[in-house]
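Protein chains in written order, with this note's numbering: chain A, 3 to 344; chain B, 3 to 344. We put the CB at the ideal spot given by N, CA and C, even for glycine.
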């Protein structure tokens, strides 16, 4: 392959800066890397493979000769920037919710639906960071034993809302420890030492946009619109690492041992499930790992053919940046980008 | 009625000290209050209605003439102390799991099953602090429309493990903020800025003892062994306030509006459910309140006749001390304690 030209938009954000780090650490041959961010960051610099890169505005120029544009900004901004990248011939990898449910946009977790990467789409969407662990855990089980219904309750870290939210949690926590009163810095209510059942805005049916995403993105990625899914998405005072309690109902009987076998042999999953040694996934354990951690695997005693699972993921890594890099590697392997000119 | 003699065992603990405060603030006529705790606290003092009370050992003497012994200590200790109190003629209100599932021990949340207080039992058990909000929310719905299945995932504060756990969370949090490495102080894993899917020891079927409690206590209190229940119990870095995500399946259709009506008119429940104003229960909101807060009431889109709810409770108050005081008031109203001698 020929070395790639990659443009990163949102390069100073929580996901963008991690993506740059992972890209730098990867063995991917690169011809050039452009870094873009919002007006306030233009002119600042970031380090990449020992070089200093200057932050630019995400205009047409930024995408000239780009093979891939990785965009990690708000959905509304993404909608404006993606067309500029496409116009310059780049494949857009978008981390926002802007395009995920478009019928002509593949929504990809490579271990689950790499076959959806077929070279005919100009935009490829990265799923929401709570969707990724769910489809990773459900897919190997669903292939063997069709899933009928899923209930998922999330425990989401503040880094899902970006760097400012992480700083806000630190400030709020310090204020509580020092017995100072402060207004909520990040969310409508204080998150320091609190739990908030509210991630993204609410819809008319009482679900939040985040809950709606997890439901519809899961069906799309798994190509299984017939699965019934319900979710409650909750913010917890954790820096990095999303956890999920998952209750699954299958068509046919399945034992926890069989589920453990299927999950252990699935690329990208690490089973952490030894109750005698008090080993199970936690948010802190997931932080810094590229795997989806699965544990507390047991029969659901409230229903026929049911299992209960507990998941943890580094929401910035496999929940976003790692998944994006894996998609780029997948596109390269399929010879869909970086083709030698003939 | 004649004024009561009450002995409080565990008077220096998180629940015991709050119970004393609530008892002091109540209008209950009291003849005497004895306070007991473990050997290490004997001789210390606590304040009660303007008087200084000396901590004693919980031996037979401590219960002489007691009408009620409120015991909030570890289950193993409770099993030793309760018989001493009974031998002295006291009615035991026990906050531990020691006696809850005994067939001859009523397990009581007064709003739900006050009828189980009939004067023939020497021990009355206070339910687990995650069971209380669940039965409070389910009971008014179940009376109108029988519940078939419940799935509950909890978000439990550290005060459920007592005062030491609260101090430990503060220390761990400060250490993380100062970038100091420390061993876990409270649980097998760090709880500061973390989420741990582990409350109490694990059973052979993969459920934890806490999950087992919520399942079996709920059926007992509601006199409904036919309800199918599954639970995952999770510790979160919160001081006071347990939250629960609850998915309920009913026999017959039920709308969120009807559920809201039934819950709003149920004593002890406060519906906090205005998504436009971003009002829903949080752990911090519940802390200091004697009500069970219910919100995020919506149709469960994954099943027929399903609802999703979000609960929050002050686990030390209605989850323990408030509930105990309500039981004492109930016993007085029923003339089961404090009877005038004839």
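Reference residue i; option with closest CA among the options
| i | options | result |
| --- | --- | --- |
| residue 84/A | 67/A, 62/A and 103/A | 62/A |
| residue 146/A | 15/A, 342/A and 265/A | 265/A |
| residue 154/B | 185/B, 246/B, 224/B and 285/B | 246/B |
| residue 115/A | 189/A, 308/A and 225/A | 225/A |
| residue 236/B | 176/A, 184/A, 283/A and 322/A | 283/A |
| residue 24/A | 227/A, 7/A, 171/A and 325/A | 325/A |
| residue 267/A | 113/A, 28/A, 90/A and 104/A | 113/A |
| residue 27/B | 50/B, 17/B and 8/B | 50/B |
| residue 141/B | 183/B, 220/B, 82/B and 117/B | 220/B |
| residue 78/B | 92/B, 69/B and 96/B | 96/B |
| residue 222/A | 249/A, 128/A, 41/A and 304/A | 128/A |
| residue 33/A | 229/A, 69/A and 91/A | 69/A |
| residue 18/A | 31/A, 30/A, 144/A and 36/A | 36/A |
| residue 279/A | 250/B, 190/B and 293/B | 190/B |
| residue 286/B | 227/A, 192/A and 200/A | 192/A |
| residue 231/A | 291/B, 303/B, 260/B and 261/B | 303/B |
| residue 206/A | 336/B, 229/B and 277/B | 277/B |
| residue 42/B | 53/B, 52/B, 243/B and 58/B | 58/B |
| residue 102/B | 124/B, 53/B and 90/B | 124/B |
| residue 86/A | 108/A, 107/A, 60/A and 106/A | 60/A |
| residue 243/B | 292/B, 196/B, 200/B and 269/B | 292/B |
| residue 198/B | 53/B, 181/B, 29/B and 156/B | 156/B |
| residue 94/B | 45/B, 327/B, 229/B and 200/B | 327/B |
Residues of its chain near residue i, where Cβ-Cβ distance is below 6 Å and the 5 sequence neighbours each way are ignored
| i | result |
| --- | --- |
| residue 203/A | 211 |
| residue 168/A | 160, 161 and 241 |
| residue 56/A | 47 |
| residue 297/A | 274, 275, 282, 283 and 312 |
| residue 31/B | 5 |
| residue 185/B | none |
| residue 108/B | 118, 123 and 126 |
Buried or exposed by the 16-neighbour rule on C-beta atoms within 10 Å, applied to residue i
| i | result |
| --- | --- |
| residue 122/A | exposed |
| residue 158/B | buried |
| residue 194/A | buried |
| residue 318/A | buried |
| residue 301/B | buried |
| residue 4/B | exposed |
| residue 104/B | exposed |
| residue 213/A | buried |
| residue 306/A | exposed |
| residue 227/A | exposed |
| residue 289/A | buried |
| residue 320/A | buried |
| residue 174/A | buried |
| residue 250/B | buried |
Cβ pair residue i, residue j closer than 8 Å
| i | j | result |
| --- | --- | --- |
| residue 22/B | residue 11/B | no |
| residue 73/B | residue 80/B | yes |
| residue 309/A | residue 258/A | yes |
| residue 110/B | residue 119/B | yes |
| residue 126/A | residue 329/A | yes |
| residue 150/A | residue 65/A | no |
| residue 233/A | residue 256/A | no |
| residue 215/B | residue 99/B | yes |
| residue 15/A | residue 208/A | no |
| residue 7/A | residue 67/A | yes |
| residue 239/A | residue 171/A | yes |
| residue 179/B | residue 177/A | no |
| residue 39/B | residue 13/B | yes |
| residue 271/B | residue 92/B | no |
| residue 248/A | residue 188/A | no |
| residue 323/B | residue 131/B | no |
Cut-off 7 Å between Cβ atoms - residues of its own chain near residue i, not counting five sequence neighbours on either side
| i | result |
| --- | --- |
| residue 334/A | 3 and 340 |
| residue 90/A | 62, 65, 66 and 68 |
| residue 261/A | 143, 299 and 309 |
| residue 254/A | 147 and 307 |
Beta carbon proximity, residue i to chain E, threshold 8 Å
| i | result |
| --- | --- |
| residue 261/B | Annotation note: the requested chain E is absent from the structure, which comprises protein chains A and B. |
Proximal residues to residue i (C-beta, below 8 Å), its chain only, five neighbours per side dropped
| i | result |
| --- | --- |
| residue 196/A | 239 |
Next on the checklist: For the stretch 309-320 of chain A against the stretch 125-136 of chain A, do three or more pairs of beta-carbon atoms, one drawn from each stretch, fall closer than 8 Å, so that the two count as touching?
Outcome noted: yes
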